[in-house]
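Numbering-wise, the working numbering puts 58 at position 57 of the sequence shown, and it's gapless, one number per residue. Using N, Cα and C, we set each Cβ at its ideal position, and we do this for glycine too. No experiment lies behind these values; they were computed from the predicted model shown. Heads up: the structure comes next, in structure tokens.
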Amino acid sequence: MTDTLIDRRDLAFQLYEVLDTESLIPRDRFSEHNKDTFDAVIETADKMAREEFATHNSAADKDEPRFEDGQVKMLPQVKKAFDAYSEAGFIAGRYDYELGGMQLPESVMAACNGFFTAANPGTAGYPFLTTAAANLIRIFGNGQQQATFLPHMLTGRFTGTMALTEPHAGSSLADIRTSATPTEDGHYLIKGAKIYISGGEQSLTENIVHMVLAKIKGAPAGVKGISLFIVPKFRVDAEGNPEERNGVSLAGLIHKMGYRGTTSTALSFGDDAPCHGYLVGEPHQGLKYMFQMMNEARLGVGFGAAVIGYRGYMHSLEYAKDRLQGRKPSEKNPDSPQVPIIEHADVRRMLLAQKAYSEGGLALCLYGARLVDDQNTHPDEQKRVEAGKLLDLLTPVMKAWPSEYGPKANDLAIQVYGGAGYTREYPVEQCWRDNRLNPIHEGTNGIQALDLLGRKIWQDQSHGLQLLMQEMQVDLEAATTERCQQWALSLSETLQQAVKVTQSLGKSLMGGNNPDAVLANASCYLHLFGHITVAWMWLRQANVAAKALESASSNEERNFYNGKLQAAQYFFHWELPTVAQDLVLLRNQDDTCLNMQADWF
């Protein structure tokens, strides 16, 4: 079985030929870096992911965490890998030098983390959550909170979680019941229950820092009354050293279909002992703060879905090249040698689809990481603002599209393997099980669809959408070869139809007559918008590949660029046309689903 997690040639193409990541180096924040340092850290991530993470991926799936003798028991390899990741500086990789970080671009850090998630999503979940929680404290926490928790989180001494979901409320955060009562000592007493808390209990670190949403007594109803609290597993002294146990207890471990290496927990707060929580920022602003972590996590979920899809593609591609079976239809001699299954057109179809989904998803997510870099470090203030608006608009797509099509890639990988793919002796069935979580967590894809059509499209008088169309226009005009021009024309025509549908939906929404009717088909709009965006990603890649092919000096390079062009052709011929149904349903505001009655099922 291959140990390739992400094709390094493809990653270099995405980072340097399409995104021009080297153009970040002159910026003040990255001035001590160069392409060599970027490549060195990527090489370290690839090697560590293969040697420390991939080696226990299957074992952690089979021997998931269990609660025994009052503590969670885990495979020792998980802690070994987590410690190696921490000691290499990856948790703090994007942070300031003063915080022990490397001040690496988000583009490079995303690429690095892609290797770890592809290698072992379960183990990679612990540092991923810790980085996101630490970032929340860095941005919104006060000086004392930052000094107390950040150094320990960034070195891997503590981990972090996000505690939002409650058993009765699910994704409806307006209905949470966890309460926070102020004390004269400056902290709050937290009381309530949370569920599906990834990393909520483990045996890896000295402490766990929970970022908890709760309502202060007397707060406004709904989401306007939510506040954010730091709730550590152990209370700490002024230097952040753990002391007595806080009133956070494990109510149960949840057993999942995939991602088994990451603990999923039900937690109770304040049941067995007083639970101290520390208010982050201002009261009743917690959901606004938490969206910082949720949006960061949504980008991470999309990236994870893309690279797990990519890992399955790498496995099935190798298998298809090695597995001998059957003969081409034109070969009539039954005594002729069998051919590798990659010679069969239908297997190539499945491999091309996987390539289009995984490399398209990777391109989309790396583009998102580049928007983060531009939002934070672009020397032009207007460009920083514009990058932020583009990122805000595209976050639902960057979460949802890869998390829909990454599992589809894994499903095709199983099919390429045939009967072997359905067995646990081969790796692709676990890829599918792990990836199947991604359309659900950090906001289901249905929620992303409502967010996109109900809110993001119309923000700031649709300025983000206008910026996106301007960005697309640059690449439409850059299509100079005959093949790329055909694809650009196809994308342009589809985009024009999508704009008309969007305008029509906007009029209905702004009229306020029946928003339920418009939003009933939000998932169709998300599919339409996502496929157009990924088609744009493929046009960008095709434009670069077509130009590079003209001067390619080796068969290896020519094969690589031709592969990019053929995958782009697949997306434009096989995938983009599927949005025609979405356009019809949206244009007609089809009421099939809306008007189905519960009693009719």
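**OP:** Note the first and the last residue of the continuous beta strand (DSSP E) segment covering residue 120.
**Re:** Within the sequence shown, residue 120 is the residue found at index 119, counting from 1. Looking at the DSSP string, residue 120 is not in any beta strand (DSSP E); the run it does join, the alpha helix (DSSP H), is 107-120.
**OP:** Pull up the CB-CB distance for residue 6 and residue 120, whole angstroms please, since I reckon it's below 8 Å.
**Re:** In the sequence shown, residue 6 corresponds to position 5, counting from 1. In the sequence shown, residue 120 corresponds to position 119, counting from 1. Contact holds; Cβ gap of about 5 Å.
Original post:
Looking at C-beta atoms only, is the number of pairs between the stretch 144-156 and the stretch 86-96 that lie closer than 8 Å three or more?
Top reply: yes
Original post:
What did DSSP end up calling residue 270 once you bin it into helix, strand or coil?
Top reply: In the sequence shown, residue 270 corresponds to position 269, counting from 1. Strand at residue 270.
Original post:
Thinking C-alpha only, which one of 209, 593, 254, 287 is nearest residue 521?
Top reply: Position 520 of the sequence shown, counted from the first residue, corresponds to residue 521. With distances taken between Cα atoms, residue 521 lies closest to 593.
**OP:** Identify the continuous alpha helix (DSSP H) that holds residue 626 and give its terminal residues.
**Re:** Not covered by the structure: residue 626. The range shown for the chain is 2 to 602.
**OP:** Go ahead and label residue 303 buried or exposed: buried means 16 or more other beta carbons lie within 10 angstroms of its beta carbon, across all protein chains shown.
**Re:** For this step, residue 303 is matched to residue 302 along the sequence shown. Buried.
Subject >> CA-to-CA distance, residue 484 to residue 563, given in whole angstroms >> reply: The residue you call residue 563 lines up with position 562 of the sequence shown. The residue you call residue 484 lines up with position 483 of the sequence shown. C-alpha separation (whole angstroms): 12 Å.
Subject >> Three or more C-beta pairs below 8 Å linking the stretch 309-323 and the stretch 230-237 >> reply: no
**OP:** Give me whichever residues DSSP pairs with residue 348 in a beta bridge.
**Re:** Along the sequence shown, one-based indexing puts residue 348 at 347. Per DSSP, none; premise fails for residue 348.
Original post:
Near residue 280, what residues of its chain come up, given a Cβ to Cβ distance below 7 Å and the 5 sequence neighbours on each side ignored?
Top reply: What you label residue 280 is simply residue 279 of the sequence shown in a count that begins at 1. Cβ within range, chain order: 189, 228, 230.
Original post:
So what's residue 67 in DSSP terms, helix, strand or just coil?
Top reply: Counting from 1 along the sequence shown, the entry for residue 67 is found at position 66. Residue 67 falls in the strand class under three-state DSSP.
Original post:
Shortest alpha-carbon distance to residue 577 belongs to which of 314, 146, 461, 358?
Top reply: Taking the first residue of the sequence shown as 1, we reach residue 577 at position 576. Looking at the Cα atoms, 358 is the closest of the given residues.
Original post:
Quick one: complete beta strand (DSSP E) runs, 3+ long, within the stretch 191-274?
Top reply: 208-217, 227-233, 235-237, 243-246, 249-254, 265-270
Subject >> Span of the beta strand (DSSP E), counted from its first residue to its last, around residue 164 >> reply: Mapped onto the sequence shown, residue 164 falls at position 163. Per DSSP, residue 164 belongs to the beta strand (DSSP E) from 159-164.
Original post:
Terminal residues of the continuous beta strand (DSSP E) containing residue 180?
Top reply: As a first step, residue 180 is located in the sequence shown; it is residue number 179 there, counting from the start. Per DSSP, residue 180 belongs to the beta strand (DSSP E) from 180-183.
Subject >> Heavy atom of the ligand GTP within 8 Å of residue 321 beta-carbon >> reply: The ligand content of the structure shown is nil, which means the ligand GTP is not present either.
**OP:** Would you mind giving the Cβ-Cβ distance between residue 204 and residue 75, rounded to the nearest angstrom? I have them listed as a contact below 8 Å.
**Re:** Position 203 of the sequence shown, counted from the start, is the residue given in the question as residue 204. Position 74 of the sequence shown, counted from the start, is the residue given in the question as residue 75. That pair is a contact at about 5 Å.
Original post:
Which partner residues of residue 341 appear in the DSSP bridge assignment?
Top reply: Walking along the sequence shown from the start, residue 341 turns up at place 340. According to DSSP, which records beta bridges pairwise, residue 341 is partnered with 325.
**OP:** Could you check which residue in 436, 77, 167 has the C-alpha nearest to that of residue 194?
**Re:** Walking along the sequence shown from the start, residue 194 turns up at place 193. The candidate whose alpha carbon is nearest that of residue 194 is 167.
Original post:
With a Cβ-Cβ cutoff of 9 Å, do residue 264 and residue 202 count as a contact?
Top reply: Along the sequence shown, read from residue 1 onward, the residue named residue 264 stands at position 263. Along the sequence shown, read from residue 1 onward, the residue named residue 202 stands at position 201. Going by C-beta atoms, residue 264 is nearer than 9 Å to residue 202.
Subject >> At least three beta-carbon pairs within less than 8 Å, the stretch 289-303 to the stretch 344-359 >> reply: no
Original post:
What's the C-alpha gap between residue 539 and residue 495?
Top reply: On the sequence shown, residue 539 is found 538 positions in, with the first residue counted as 1. On the sequence shown, residue 495 is found 494 positions in, with the first residue counted as 1. Cα to Cα, residue 539 sits roughly 15 Å from residue 495.
Original post:
Any idea which residues DSSP pairs residue 279 with across the strands?
Top reply: Taking the first residue of the sequence shown as position 1, residue 279 is located at position 278. Answer by DSSP bridge pairing, in chain order: 231.
Original post:
For residue 477, which of 415, 293, 488 has the nearest alpha-carbon?
Top reply: Walking along the sequence shown from the start, residue 477 turns up at place 476. Nearest C-alpha to residue 477: 488.
Original post:
Nearest-angstrom Cα distance between residue 109 and residue 39?
Top reply: For this step, residue 109 is matched to residue 108 along the sequence shown. For this step, residue 39 is matched to residue 38 along the sequence shown. Each residue's alpha carbon lies about 7 Å from the other.
Subject >> Other residues of its chain near residue 421: CB distance less than 6 Å, five sequence neighbours each side excluded >> reply: Residue 421 sits at position 420 when you count from the first residue of the sequence shown. Taken in chain order, the residues that qualify are 427.
Original post:
When we look at the beta-carbon of residue 160 and count the other beta-carbons within 10 Å, is it buried (16 or more) or exposed?
Top reply: Residue 160 sits at position 159 when you count from the first residue of the sequence shown. Residue 160 comes out buried.
Original post:
If you count every other CB in all the chains shown that lies within 10 Å of the CB of residue 677, and 16 or more means buried, which is it?
Top reply: Residue 677 cannot be examined here, being either before or after the span of the chain that is shown, 2 to 602.
Original post:
Taking all protein chains shown into account, do 16 or more other C-beta atoms lie within 10 angstroms of the C-beta of residue 44, making it buried, or fewer, making it exposed?
Top reply: Your numbering for residue 44 matches position 43 in the sequence shown. Answer is exposed; the Cβ neighbour count stays below 16.
Subject >> From 526, 253, 340, residue whose alpha carbon lies closest to that of residue 501 >> reply: The count along the sequence shown starts at 1 and reaches residue 501 at position 500. It is 526 whose Cα lies nearest to the Cα of residue 501.
**OP:** Look at residue 266 and residue 197 and say whether their C-beta atoms are less than 9 Å apart.
**Re:** Residue 266 sits at position 265 when you count from the first residue of the sequence shown. Residue 197 sits at position 196 when you count from the first residue of the sequence shown. Yes.
Subject >> Contacts around residue 516, its chain only, beta-carbon distance under 7 Å, and the 5 residues preceding and following it disregarded >> reply: Here residue 516 is taken as the residue at index 515 of the sequence shown, counted from 1. If the five residues before and after residue 516 are omitted, its C-beta is found closer than 7 Å to the C-beta atoms of 510, all from its own chain and listed in chain order.
Original post:
Hey, residue 259 and residue 438: beta-carbon distance below 9 Å or not?
Top reply: Stepping through the sequence shown from its first residue, residue 259 is reached at position 258. Stepping through the sequence shown from its first residue, residue 438 is reached at position 437. In this structure, residue 259 places its C-beta atom within 9 Å of the C-beta atom of residue 438.
Subject >> Inter-residue CB distance, residue 354 and residue 571 (contact presumed, cutoff 8 Å) >> reply: The count along the sequence shown starts at 1 and reaches residue 354 at position 353. The count along the sequence shown starts at 1 and reaches residue 571 at position 570. Confirmed, about 7 Å.
Original post:
Helix, strand or coil: how does DSSP classify residue 74 here?
Top reply: Reading the sequence shown from its first residue, position 73 is the one you call residue 74. DSSP, read as helix, strand or coil, puts residue 74 in strand.
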